[in-house]
């Protein structure tokens, strides 16, 4: 099966699964049928059901479930509201720390009253569709409310495209799109994950002298609860696992303890690569959208929208892999699309490990190019030995009115030396619309033609910062971003042949605040992205599967000159695919043989 067919099949399977889920909901919720007895007539089994009413409302819908969403033509053509549903009436106030495995359910709204800590080794599981709200003035006397996943604890927050998990402010009714201002911020704290990955330099003097190093979350004391230092992060386990965040939207928060010490939307302190983070949105926060304090966590499909400081901030030797980052800033707001420090400002000493993280396929839309804006609005600010590698990305529509605004701003000699050494690298990017495209020590990124960075207009479909369904950051036909000379070879990445975070697939739909408030256009069809496997494009093979004894055999035609890699995943959408078998094309049918397992699996074939 070729890449296009694969992507299409996955999309079709997902749509079919979603439709079947809703048919099941209808059968259970509206009919509540139970089997009475079975009749057998000439070998045919017939089920007879009795109707047993189990619902307490009239009509097809209750107050909370619009089951037409996500799968009907009515929804696809825009007749239905964008992802809004009535909130449950039952509120559960959470003031005590979580010390044992706990589950929060979508039938409740959870109110964070102060700082709520998930203590090691507990796991907090949050059901898809659950709403969690932070109190601005908690009864505990603490400055704000926030959720802290401490080092050694886990969060298991797995939403879906139509049932995202929402963190927001107490005064936000998520079923009413205009109850808050679209840029209203600072109404509660945020979400903090802390882990045990390696840090290069700690701001805390005791932590910096320790082995392994640790730091204390900025602005908070080094407190213990039950013998655990709840605000410490760092250690010696780069593969540490803090859990899963998937289809999560974090809204309307942010809090400043002290100058340069804040609660961001999602703060990640020494979070390890065993953690899964994809499809997470931070919307309208009073500080950064995402901040990585060291660590090795990998991410995909992150959204940083209308946050007051940087869209993506890094520090203390962050080394993760990232793809499909999207950011948009409010008109006239500061700061940078990315503020990327290798170590804490003022004490940076080039400690290992260096901040050598990667970003493929980012789209940054700045604070707007209109006249009259006075704020500095850099694209990427890189300093303090930071050595990021940015590929296939777009920066556009930043503030042109301030002469100090720079596209790629390597702001000190420390990171400048990393560029000279080849550790800092940017290739195949579009940096458009800046008065100054690069700082003096970064001009080689654009004068060296082999790097393929350009300043052309990327031709996004449309940019809007209003709820007029006109924000469409996909690429227009004929966009210069529709091709790239650099494809990732790491299995974590999707091999897509375009620049920027979005091409055909508007993956922001359904689960984000941007969609629910009406920023995004109506989309009438699902258009999966093409996965690029090689320069040549082989035919899409027909995939067949059959059982043979204790094995399954997956067969398909092949073409000479191509390799066929069979991969599996335990769910769709897949956080990661596992290589099962690789065969070389012969011009005839190839068969991959695998033992029958005990769990459900999904398969795809990549042709290279």
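Residue numbers (my numbering): 5 to 612.
The beta-carbon is built from N, C-alpha and C at its ideal position, and this holds for glycine as well.
*Give the DSSP-derived three-state secondary structure of residue 592 in the structure shown.*
coil
*Would you call the segment 330-346 and the segment 384-392 in contact, with 3 or more CB pairs under 8 Å?*
yes
*Using the Cα positions of residue 151 and residue 126, report the straight-line distance between them to the nearest angstrom.*
14 Å
*From the DSSP output, in three-state form, read off residue 405 for me.*
Here residue 405 sits in coil by DSSP.
*For residue 450, the first and last residue of its enclosing beta strand (DSSP E)*: Premise fails: residue 450 lies in the alpha helix (DSSP H), 448-451, not in any beta strand (DSSP E).
*Excluding the five sequence neighbours on either side, which residues of its own chain have a C-beta within less than 6 Å of the C-beta of residue 392, listed in chain order?*
344 and 361
*asked:* Do residue 270 and residue 294 have their beta-carbon atoms positioned less than 8 Å apart in this structure?
replied: yes
*Contact set for residue 373: own chain, Cβ-Cβ below 6 Å, skip 5 residues either direction*: 401, 404 and 437
*Going by DSSP, name the residue or residues bridged to residue 109.*
For residue 109, which the question treats as bridged, DSSP gives no partner whatsoever.
*In chain order, which beta strand (DSSP E) runs of at least 3 residues are fully inside the segment 364-401?*
For secondary structure counted as the beta strand (DSSP E) over 3 or more consecutive residues, the segment 364-401 holds these complete runs in sequence order: 384-387, 393-395 and 398-400.
*Bridge partner(s) assigned by DSSP for residue 205*: In the DSSP output, where bridge partners are listed per residue, residue 205 has none listed.
*Find out if the Cβ-Cβ distance for the pair residue 576, residue 607 is shorter than 8 Å.*
Contact flag unset, no.
_Neighbour-count burial assignment, residue 148, 16 or more Cβ in a 10 Å radius_ = buried
*Please confirm if the segment 156-176 is in contact with the segment 510-526, defined as three or more CB-CB distances below 8 Å between the two stretches.*
yes
*For residue 471, the nearest candidate out of 464, 223, 518 and 493 (CA to CA)*: 518
*Residue from 586, 521, 554 and 533 with nearest C-alpha to residue 186*: Residue nearest to residue 186 within the set 586, 521, 554 and 533 is 521 (criterion: CA-CA distance).
*Considering only residues of the segment 453-509, which uninterrupted beta strand (DSSP E) runs meet the minimum length of 3 residues and lie entirely inside it, listed in chain order?*
464-466 and 476-479
_Secondary structure of residue 35, DSSP reduced to three states_ = Because residue 35 carries a pLDDT of 31, less than 50, the predicted location of this residue cannot be relied on, and the following value inherits that uncertainty. Note: residue 35 maps to helix in three-state DSSP.
*If we ignore side chains and look at the alpha-carbon of each, how far apart do residue 173 and residue 134 end up?*
14 Å
*From residue 326 to residue 62, what distance separates their C-alpha atoms?*
A straight line joining the alpha-carbon of residue 326 with that of residue 62 spans about 48 Å.
*Could you please give me the residues that DSSP links to residue 247 through a beta bridge?*
Note: residue 247 sits in a beta bridge opposite 159.
_First through last residue of the beta strand (DSSP E) which encompasses residue 306_ = 302-309
*Counting along the chain, where does the beta strand (DSSP E) carrying residue 97 start and finish?*
Its beta strand (DSSP E) spans residues 95-98.
*In the structure shown, what three-state DSSP assignment does residue 575 receive?*
coil
_Range of the contiguous beta strand (DSSP E) that encloses residue 280_ = Looking at the DSSP string, the run of the beta strand (DSSP E) that includes residue 280 is 280-287.
*Which residues does DSSP pair with residue 527 in a beta bridge?*
Partner(s): none; residue 527 has no beta bridge.
*Is the distance from the Cβ of residue 289 to the Cβ of residue 258 below 8 Å?*
Between residue 289 and residue 258, the C-beta gap is smaller than 8 Å, which places the two residues in contact.
*Could you check how far apart the C-beta atoms of residue 292 and residue 311 are, in whole angstroms? I think they sit under 8 Å.*
6 Å
*Report the option in 223, 100, 106 and 116 whose CA atom is closest to the CA atom of residue 229.*
The candidate whose alpha carbon is nearest that of residue 229 is 100.
*Backbone CA spacing between residue 549 and residue 561 [nearest angstrom]*: 13 Å
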